[in-house]
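Q: Chains as they are written, first to last, in this note's numbering: chain A, 357 to 681; chain B, 25 to 349.
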Amino acid sequence: MREITFTTAAREALDEEMERQPNIFVVGEGIGARGGNFNTTLGLYEKYGPMRLRDTPIVERGFVGMCAGAAMTGSRPVVDFMFFDFILDSVGELVNQIAKMQYMSSGRLKMPLVLRGCIGIGGASATHHSGNYYPIFVHLPGIKVVLPSNPYDAKGLFKTALRGDDPVLFLEHKSLLNSKGDVPEEEYCIPFGQAAIVREGRHATVVAIGSMVRKTIEACDALAKENISVEIIDPRTLAPLDISTILQSVHKTGRLLIVDETFAPCGIGAEIAAQVMALGFDDLDAPVQRLNGLHTPTPYSPVLEAAVIPNADQVLQSIRDLLAE
Amino acid sequence: MSQTLNLEKEQYLALYRQMLEIRRTEEQLAKSHQAGLIPGACHTYVGEEAIATGVCAHLTPDDAVFSTHRGHGHALAKGVPPKEVIAELFGRATGVSRGRGGSMHLFSPEVGLMGTSGIVGPCILQATGAGYSSKLLDNGTVGVAFFGDGASNNGAFHEGLNLAAIWDLPVIFVCENNMYATEVAFSYATRNTEVAERAKTYGMNACAVDGNDVLAVYRAAGEAVSRARAGYGPTLIEGKTYRTRAHAEGMRDAGYRTADELDAWKQRDPISNYRSKLLTLGVASDSDFDHIEAEVKSLIDDALEFAKNSPYPDPTTAAEFIFST
Chain A
357 MREITFTTAA
367 REALDEEMER
377 QPNIFVVGEG
387 IGARGGNFNT
397 TLGLYEKYGP
407 MRLRDTPIVE
417 RGFVGMCAGA
427 AMTGSRPVVD
437 FMFFDFILDS
447 VGELVNQIAK
457 MQYMSSGRLK
467 MPLVLRGCIG
477 IGGASATHHS
487 GNYYPIFVHL
497 PGIKVVLPSN
507 PYDAKGLFKT
517 ALRGDDPVLF
527 LEHKSLLNSK
537 GDVPEEEYCI
547 PFGQAAIVRE
557 GRHATVVAIG
567 SMVRKTIEAC
577 DALAKENISV
587 EIIDPRTLAP
597 LDISTILQSV
607 HKTGRLLIVD
617 ETFAPCGIGA
627 EIAAQVMALG
637 FDDLDAPVQR
647 LNGLHTPTPY
657 SPVLEAAVIP
667 NADQVLQSIR
677 DLLAE
Chain B
25 MSQTLNLEKE
35 QYLALYRQML
45 EIRRTEEQLA
55 KSHQAGLIPG
65 ACHTYVGEEA
75 IATGVCAHLT
85 PDDAVFSTHR
95 GHGHALAKGV
105 PPKEVIAELF
115 GRATGVSRGR
125 GGSMHLFSPE
135 VGLMGTSGIV
145 GPCILQATGA
155 GYSSKLLDNG
165 TVGVAFFGDG
175 ASNNGAFHEG
185 LNLAAIWDLP
195 VIFVCENNMY
205 ATEVAFSYAT
215 RNTEVAERAK
225 TYGMNACAVD
235 GNDVLAVYRA
245 AGEAVSRARA
255 GYGPTLIEGK
265 TYRTRAHAEG
275 MRDAGYRTAD
285 ELDAWKQRDP
295 ISNYRSKLLT
305 LGVASDSDFD
315 HIEAEVKSLI
325 DDALEFAKNS
335 PYPDPTTAAE
345 FIFST
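#1: Quick one, which residues of the segment 183 to 205 of chain B are near chain A if we go by CB-CB under 8 Å, in chain order?
#2: Under 8 Å by Cβ, that's how I've got A:S674 and A:L647 pegged, so tell me the actual separation to the nearest angstrom.
#3: Here's the rule I'm using: 16 or more other beta-carbon atoms within 10 Å means buried, otherwise exposed. How should B:G256 be labelled?
#4: Could you check which residue in B:L302, B:A318 and B:A244 has the C-alpha nearest to that of B:H82?
#5: Taking only three categories from DSSP, how would you classify A:N395?
#6: Our contact map puts A:I589 next to A:V563 with C-beta atoms below 8 Å; I'd like the distance itself, whole angstroms only.
#7: How big is the Cα-Cα spacing for B:M25 and B:D86?
#8: Relative to the alpha-carbon of A:A427, which residue among A:M407, A:G388, A:G498 and A:M467 has its alpha-carbon at the smallest distance?
#9: From B:L100 to A:S486, what does the alpha carbon distance come to, in whole angstroms?
#10: State yes or no: is the beta carbon of A:P540 nearer than 8 Å to at least one beta carbon in chain B?
#11: Quick one: list the residues of chain B neighbouring A:Q453, beta-carbon separation under 8 Å, in chain order.
#12: Does A:C423 come within less than 8 Å of chain B when only Cβ atoms are used?
#13: If you follow the alpha helix (DSSP H) that A:I492 is in, where does it begin and where does it stop?
#14: DSSP state of B:E34, grouped into three classes?
#15: Please report the Cβ distance between B:R299 and B:F313, rounded to the nearest whole angstrom; I am assuming they are in contact, meaning their Cβ atoms lie under 8 Å.
#16: 8 Å is my cut-off, CB to CB: does B:R2 come that close to chain A?
#17: Please name the residue or residues paired with B:A209 in a DSSP beta bridge.
#18: Return no unless some Cβ of chain B is closer than 8 Å to the Cβ of A:E368.
#19: DSSP state of A:R410, grouped into three classes?
#20: Note down, one range per segment and in chain order, each alpha helix (DSSP H) of at least 4 residues found wholly within the segment 64 to 96 of chain B.
#21: Less than 8 Å between the beta carbons of A:A366 and A:E528, yes or no?
#22: Where do the N-terminal and C-terminal ends of the beta strand (DSSP E) with A:V502 fall, by residue?
#23: Checking contacts by CB at 8 Å: is A:F514 closer than that to chain B?
#24: What did DSSP end up calling B:Q42 once you bin it into helix, strand or coil?
#25: Which residues in the same chain have their Cβ closer than 8 Å to the Cβ of B:L251, if we skip the five residues on either side of it in sequence?
#26: Measuring only between beta-carbons, confirm whether A:F419 sits less than 8 Å from chain B.
Below is the structure:
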């Protein structure tokens with residue numbers, strides 16, 4: 357099978373769906389002829405023109421609110437934030453309008469709107485270009501949150517987002533954008549709410565979020581040499597969350613660690629832990645544990661930056677600690 | 025008052041009838057609020073009826089209207105039956121938003137009322153998005169935003185107008201300048217109280233009209249809608265008007281405006297002055313107005329009974345319609 361990058365896979369999904377659905381248009385800063393800061397729309401302007409690849413002024417609230425109105429009137433907008441941090445300038449439009457519109461209209465309006473952007477810590481991007489923020493949005497009814505960890509999932513999940521009628525946050529971790537993986541030529545979609553079992557195992561379960569999947573694989577490769585068998589689960593979508601796959605795994609292993617780059621308080625790990633305790637308490641042989649990045653704004657200097665996110669050694673040590681419980 | 029237009033008698037009377045329907049609905053809602061039949065807020069449109077009426081007379085059900093917290097008049101003028109507005113404020117299942125919205129969240133996409141909002145400003149952006157859809161889908165529709173002077177100090181106003189202007193979108197921005205944002209005077213809140221002049225700085229066609237003169241509004245809106253449909257881009261219409269009831273029913277209405285000011289504006293009532301004008305011009309007779317008065321009274325009486333006798337929503341449906349499926 358061919359190997360392509362995460363960004364290429366996502367761009368293929370967008371291209372295929374723009375070909376298929378003439379009411380899709382993309383807005384963002386530099387996503388027209390320039391092709392996007394991260395090449396998210398490279399070559400598409402030449403193919404689809406300015407009405408469907410619309411460069412915008414720097415007005416996140418303005419174009420997010422505008423896309424809400426467009427989605428209510430027959431279009432299928434895609435907002436390309438470049439850096440997802442910029443969504444915070446539009447959060448009122450997202451939370452009070454976009455997420456509530458289908459409900460407020462008692463299902464008579466649809467909100468087919470995809471908001472995409474690059475998340476995560478890395479590359480000395482400093483604190484205004486390193487945000488994750490997804491737990492905030494998982495908290496809210498009316499928004500789907502998608503966080504692929506590899507090119508195959510990126511393409512299949514993006515296609516599902518572009519075909520649905522709901523608001524979707526499609527979050528692309530900056531450390532994954534140039535990573536390569538197998539992506540078939542033929543068309544496919546990946547449904548939301550279906551976790552991937554990245555690796556089967558017997559002794560412990562690790563739920564890894566986004567960029568933490570690769571670090572967890574690295575840690576578990578080392579543990580495998582000691583005949584420690586860890587099951588790795590990638591939820592792929594955080595809203596909806598596939599809790600049943602996690603519960604089935606915990607039923608088998610009895611131990612659970614959640615590894616997430618972003619903050620612990622009120623985060624994804626807290627939510628998964630609470631659900632597992634409520635629904636799978638009798639399966640647990642040890643307290644559910646979390647490994648998160650530090651609860652701090654992101655620093656610039658590479659040595660400081662590296663200190664705020666979990667690394668493979670810390671994942672490995674956390675698994676050892678969990679097995680020692 | 026403006027010059028007459030070359031309308032048929034039925035058209036002149038239709039404008040009168042629409043204004044009266046709004047007035048009588050609002051009066052009934054005020055009474056119902058005092059009687060405890062409305063569990064939440066109630067913001068009436070009394071005194072401003074000429075604006076919604078004069079604008080919506082030019083719209084089809086396919087044209088998309090977005091409005092604000094003071095939106096009953098816009099809903100009615102766009103074609104929502106009074107019984108659905110009253111039932112909504114009563115919290116009934118037959119309300120226009122099926123009991124999910126109340127005074128500030130009215131939705132009837134079937135007639136192109138794409139929503140009223142409890143947040144000031146988003147309607148400006150959403151109407152811009154409807155204009156974008158019109159252009160993308162090439163369907164000849166227009167987007168219309170109704171909002172107050174207060175919204176013109178909000179970022180959404182400046183972002184939305186700028187986007188509509190640079191892309192020549194078919195959008196009509198209707199600013200109902202009633203001189204107060206809740207109870208903060210517009211003359212205090214800005215150094216430039218001429219909203220139409222603000223719009224012109226974005227390179228947009230704009231005009232200010234007597235918002236209590238339905239024919240002046242009708243003429244300005246007719247030109248704006250024609251321009252938009254013909255591809256000449258957006259227009260802002262500033263209607264100078266006044267709210268003669270409190271910001272919301274049950275609120276103390278003192279300390280920010282004088283009795284003299286209120287009385288002076290009551291003398292400029294858009295409905296009774298229009299009636300006098302049509303009588304003076306010999307366009308209609310007292311019996312025409314008596315007939316309309318009786319017809320509207322019967323409509324509102326029936327609407328009240330309908331609302332009172334309507335069932336409450338089923339509590340088990342409280343979390344339905346969050347997503348499209």
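Glycine included, C-beta positions come from ideal geometry on N, C-alpha and C.
A: In short, the structure shows the following:
#1: E183, G184, N186, L187, I190 and W191
#2: Here residue 674 of chain A corresponds to residue number 318 of the first sequence, with the count starting at 1. Here residue 647 of chain A corresponds to residue number 291 of the first sequence, with the count starting at 1. Contact flag correct, Cβ pair sits at about 5 Å.
#3: Indexing the second sequence from 1 puts residue 256 of chain B at position 232. Correcting the residue identity first, residue 256 of chain B is Tyr in this sequence and not Gly. Exposed, by the Cβ-count rule.
#4: Residue mapping note: residue 82 of chain B aligns to position 58 of the second sequence, counting from 1. When only C-alpha atoms are compared, the closest one is B:A244.
#5: Stepping through the first sequence from its first residue, residue 395 of chain A is reached at position 39. In this structure, A:N395 counts as coil in the three-state DSSP scheme.
#6: Here the question's residue 589 of chain A lines up with position 233 in the first sequence. Here the question's residue 563 of chain A lines up with position 207 in the first sequence. About 5 Å; that satisfies the 8 Å criterion.
#7: For the purposes of this step, residue 25 of chain B is taken as the residue at position 1 of the second sequence. For the purposes of this step, residue 86 of chain B is taken as the residue at position 62 of the second sequence. Residue placement at B:M25 is poorly supported in this model, since its pLDDT is 47, which falls under 50; the coordinates still yield a value, given next. Roughly 31 Å between the two C-alpha positions.
#8: Here residue 427 of chain A refers to the residue found at position 71 when the first sequence is read from its first residue. The option with the nearest alpha carbon to A:A427 is A:M467.
#9: The residue you call residue 100 of chain B lines up with position 76 of the second sequence. The residue you call residue 486 of chain A lines up with position 130 of the first sequence. Each residue's alpha carbon lies about 47 Å from the other.
#10: Indexing the first sequence from 1 puts residue 540 of chain A at position 184. Not closer than 8 Å to any Cβ of chain B, the Cβ of A:P540 fails to qualify, so no.
#11: Numbered from its first residue, the first sequence carries residue 453 of chain A at position 97. Ordered by position in chain B, the residues that pass the 8 Å Cβ test against A:Q453 are S141, I143, P146 and Q150.
#12: As a first step, residue 423 of chain A must be located in the first sequence, where it is residue number 67. Output row for A:C423: interface = yes.
#13: Translated into the one-based positions of the first sequence, residue 492 of chain A becomes position 136. Here the alpha helix (DSSP H) through A:I492 covers Y490 to V494.
#14: Here residue 34 of chain B is taken as the residue at index 10 of the second sequence, counted from 1. Three-state result, B:E34: helix.
#15: Position 275 of the second sequence, counting from 1, holds the residue named residue 299 of chain B. Position 289 of the second sequence, counting from 1, holds the residue named residue 313 of chain B. That pair is a contact at about 6 Å.
#16: Past the edges of chain B, shown from 25 to 349, lies residue 2 of chain B, and the structure says nothing about it.
#17: Residue numbering aside, residue 209 of chain B sits at position 185 when the second sequence is read from its first letter. DSSP output for B:A209 lists B:Y204 as bridge partner(s).
#18: Looking up residue 368 of chain A in the first sequence gives position 12. With 8 Å as the cut-off, A:E368 does not count as an interface residue toward chain B.
#19: Position 54 of the first sequence, counted from the first residue, corresponds to residue 410 of chain A. DSSP places A:R410 within a strand segment (E or B) once states are collapsed to three.
#20: 73 to 80
#21: Mapped onto the first sequence, residue 366 of chain A falls at position 10. Mapped onto the first sequence, residue 528 of chain A falls at position 172. The answer is yes: Cβ separation under 8 Å.
#22: Here residue 502 of chain A refers to the residue found at position 146 of the first sequence. It spans K500 to V502 - the beta strand (DSSP E) in which A:V502 sits, taken as one unbroken run.
#23: Here residue 514 of chain A refers to the residue found at position 158 when the first sequence is read from its first residue. Not closer than 8 Å to any Cβ of chain B, the Cβ of A:F514 fails to qualify, so no.
#24: Within the second sequence, the letter at position 18 stands for residue 42 of chain B. Here B:Q42 sits in helix by DSSP.
#25: As a working note, residue 251 of chain B is residue 227 in the second sequence. The amino acid occupying residue 251 of chain B in the given sequence is Arg; Leu does not appear at that position. Within the same chain, B:R251 has close Cβ partners N229, G257 and T259.
#26: For this step, residue 419 of chain A is matched to residue 63 along the first sequence. Closer than 8 Å to some Cβ of chain B, the Cβ of A:F419 qualifies, so yes.
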